[in-house]
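K.L.:
Protein chains in written order, with the working numbering: chain G, 1 to 333; chain S, 334 to 693. From the three backbone atoms N, C-alpha and C, an ideal C-beta is built for every residue, glycine too. Predicted, not measured: the structure shown is a model, and the values here were computed from it.
(1) Which residues of chain G have a Cβ atom closer than 8 Å to the Cβ of residue 349 of chain S, listed in chain order?
(2) Along the stretch 211-233 of chain G, where does the CB come closer than 7 Å to a CB of chain S? Name the residues.
(3) Counting along the chain, where does the beta strand (DSSP E) carrying residue 178 of chain G start and finish?
(4) Would you list, in chain order, the members of the stretch 650-675 of chain S that have their beta-carbon closer than 8 Å to a beta-carbon of chain G?
(5) DSSP has residue 598 of chain S in a bridge; who is on the other side?
(6) Three-state secondary structure (DSSP) at residue 25 of chain G?
(7) Taking a contact to mean a Cβ-Cβ separation below 9 Å, would you say residue 375 of chain S touches residue 293 of chain G in this structure?
(8) Work out the CA separation of residue 380 of chain S and residue 535 of chain S for me, nearest whole Å.
(9) The ligand ADP and residue 208 of chain G: does any heavy atom of the ligand fall closer than 8 Å to the residue's C-beta?
(10) DSSP state of residue 295 of chain G, grouped into three classes?
(11) Quick check: the stretch 104-122 of chain G against the stretch 29-36 of chain G, are at least 3 beta-carbon pairs closer than 8 Å?
(12) Could you give the distance in angstroms between the alpha-carbon of residue 140 of chain G and the alpha-carbon of residue 83 of chain G?
(13) For the stretch 48-75 of chain G, list the alpha helix (DSSP H) runs that are entirely contained and at least 4 residues long, ordered along the chain.
(14) Using alpha carbons as the reference points, say which of S:667, S:638 and S:678 lies closest to residue 403 of chain S.
(15) Short of 7 Å in beta carbon distance, which residues of its chain neighbour residue 281 of chain G, apart from the five on each side in sequence? Order them along the chain.
(16) Which whole-angstrom value is the C-beta distance of residue 574 of chain S and residue 546 of chain S, which I expect to be below 8 Å?
(17) I need the boundaries of the alpha helix (DSSP H) containing residue 390 of chain S, first residue and last residue.
(18) Using C-beta distances below 6 Å, list every residue in its chain close to residue 542 of chain S, excluding the 5 sequence neighbours before and after it, in chain order.
(19) Which residue from S:362, S:586, S:676 and S:495 puts its Cα closest to that of residue 422 of chain S?
(20) Between the C-alpha atoms of residue 196 of chain G and residue 230 of chain G, what's the straight-line distance to the nearest angstrom?
(21) With a Cβ-Cβ cutoff of 9 Å, do residue 520 of chain S and residue 502 of chain S count as a contact?
(22) Do the stretch 649-660 of chain S and the stretch 625-635 of chain S meet, that is, are 3 or more Cβ pairs less than 8 Å apart?
(23) Tell me which same chain residues have a C-beta within less than 8 Å of the C-beta of residue 159 of chain G, skipping the five on either side of it?
(24) Checking 9 Å against the spacing of the C-beta atoms, do residue 352 of chain G and residue 226 of chain G come in under that value?
(25) Please classify residue 464 of chain S: does DSSP put it in a helix, a strand, or coil?
(26) Of all the options G:36, G:68 and G:271, which has the alpha carbon lying nearest to the alpha carbon of residue 104 of chain G?
(27) Using 10 angstroms around the beta-carbon of residue 40 of chain G, count the other beta-carbons present and answer buried if the total reaches 16, otherwise exposed.
(28) Mind checking residue 13 of chain G: buried by the 16 CB within 10 Å criterion, or exposed?
(29) If you draw a straight line from the alpha carbon of residue 684 of chain S to that of residue 372 of chain S, how long is it in whole angstroms?
(30) Taking only beta-carbon positions, decide if residue 356 of chain S is within less than 9 Å of chain G.
(31) Output the boundary residues of the alpha helix (DSSP H) element that contains residue 359 of chain S.
(32) Interface residues of chain G around residue 339 of chain S at Cβ under 7 Å?
(33) Identify whether residue 98 of chain G lies in helix, strand or coil by the three-state DSSP scheme.
(34) Mapping DSSP to helix, strand and coil, what is residue 248 of chain G?
(35) Could you name the residues of chain G that residue 552 of chain S contacts, counting a contact when the two beta carbons are closer than 7 Å?
(36) If we define contact as Cβ-Cβ less than 9 Å, is residue 318 of chain G a contact residue for chain S?
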């Protein structure tokens, strides 16, 4: 067998063969392997619960694939409430004819990401749709995590005077995927930053009383994330262009394509908004984590201009940074 | 250059502009890329209040006539046609539809980064006719010309180009002849000039006594260009200067010009908001007519009416700014654009909307 057939989604013998013979082995654990219709888990305390669907094209890109993305995306959404991610569900919607080898590669990369994040996939579902009914493979994951005591992190909690910390360089994922999709060849290849950020968040949770907002700037980029936070918190925000970390290769690619790195997607970055008195210590803790080495304080929260994000440009002028609208399209000349 | 150095140099240039500039002047940045860079860097806020920057018609998507957009949408409806186009054209509204809507209706429309990619699509789909929509100024025309020559060499029969290419100097002349806007200086386009060089602008200082500076897209390039223009204007010695020497030679890129010359002939073109300008467009030469979508599909250049209330025409002629338009930011936003200047990433309205200034 080298391709997924419609019958693999029938629920009958072939379904069992696919799941038990080819998929389960990658992600098995004592809860999943019971093979009951629902996973039974015991948890205590406040829970965080989230879901996300993944439809990236191409499925494989430099620095990751849809499997790694599906695990990291949900882990990171849990981490943004300060939660320790514990359990994941996994639903695969596979297009008839999908190569089994690719599916196995994706399962392997999910296993690696789950292991790295210390999370278990405890329940799952597999469907196969007619040729043309899906674009290769769609994945949905949902996740549950436990929130430590004395944590009150929300997009609505930013206060004037808070510092805005970003965990690293902007736009790596979006540029890597766009380059792979459009087969653009850059001299310096750009890798996606796709990574589970829960241990980065855990490394700063000792300062949790001072951490007001956490958010991962994915689609729509930093600009959209900060606009959301400014809107939810009813505060203004100011960021400094010269403080924004952007890799040279990403900057050149963006210049060429007419994109702005603040609007390009990230999959392994966290925005931390924290009280000024602990911001340096939080920054230092983030910089000593492998996914936060290039962390920087990029701006602060203001009382002025509620709901607006302002950028001080390199030349010292100010401009408004709005949310992304429409899809990112490359320019002509 | 380090950010610190860049800032120091920028400060020097700005001080210099303040020192020498005494008169109320209008400078037009021709190119949409310049409009974006100027707004993104907040350069207008850093200049003396009497130095006004006006956005010009240099946005290829914006100046594509509504009637031509309608023709492209019509083309995309043929069952055996794959339409290949550059980025943001797909969102531009025609009279009744857009390529985006046509794509949603099931027509095969692909966004490409270069004409050679469209040629690749033709190679891979021998049963289909692939129509590359050739839009853009002298910047994109040479690669489209190269794709036609390549198709001819390989004997590819299912590759067609719908040339809506436009030329920069003739539209500048048309704007200056109309006398609608009083201009003192023009920031000439950077990328276009890498192809055509500096000489095609020489008629501007000579016949109209208007200053010209060709410049790049970095903040320092733009400030240097403005500095050159102010100096020329204040001293009463307009000429064509290059503030973008690392990319632009006075004679241009001879190889690129030769490619264009080989494939295209100069003809009339319709410009959205401006009208028909003789000698401002590029059409395929007779010997390449088998590649000419205009001939094969019998498309005739045309104009169509603009949406009610839309000021894109005036904005493209630098007669109005986006802020003068009653639809701007209200009925017309990047999510729901009424006119092309709000659609294209290089459009003045989109730049004003996205990079609006703030008193921060």
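P.N.:
Straight from the coordinates:
(1) Chain G residues near residue 349 of chain S: none, gap ~14 Å exceeds 8 Å.
(2) none
(3) No beta strand (DSSP E) holds residue 178 of chain G; the alpha helix (DSSP H) holding it covers 172-181.
(4) 666, 667 and 668
(5) S:616
(6) helix
(7) no
(8) 27 Å
(9) In the structure on display, the ligand ADP does not appear, and there are no ligands present to speak of.
(10) coil
(11) yes
(12) 20 Å
(13) none
(14) S:638
(15) 207
(16) 5 Å
(17) Residue 390 of chain S -> not in any alpha helix (DSSP H); beta strand (DSSP E) instead, spanning 384-391.
(18) 571
(19) S:676
(20) 25 Å
(21) no
(22) no
(23) 212, 233, 235, 275 and 301
(24) Residue coverage of chain G in this structure runs from 1 to 333, which leaves residue 352 of chain G outside it and unanswerable.
(25) strand
(26) G:68
(27) exposed
(28) exposed
(29) 7 Å
(30) no
(31) Note, residue 359 of chain S: premise wrong, no alpha helix (DSSP H); beta strand (DSSP E) at 358-364.
(32) 314
(33) coil
(34) helix
(35) 314 and 315
(36) yes
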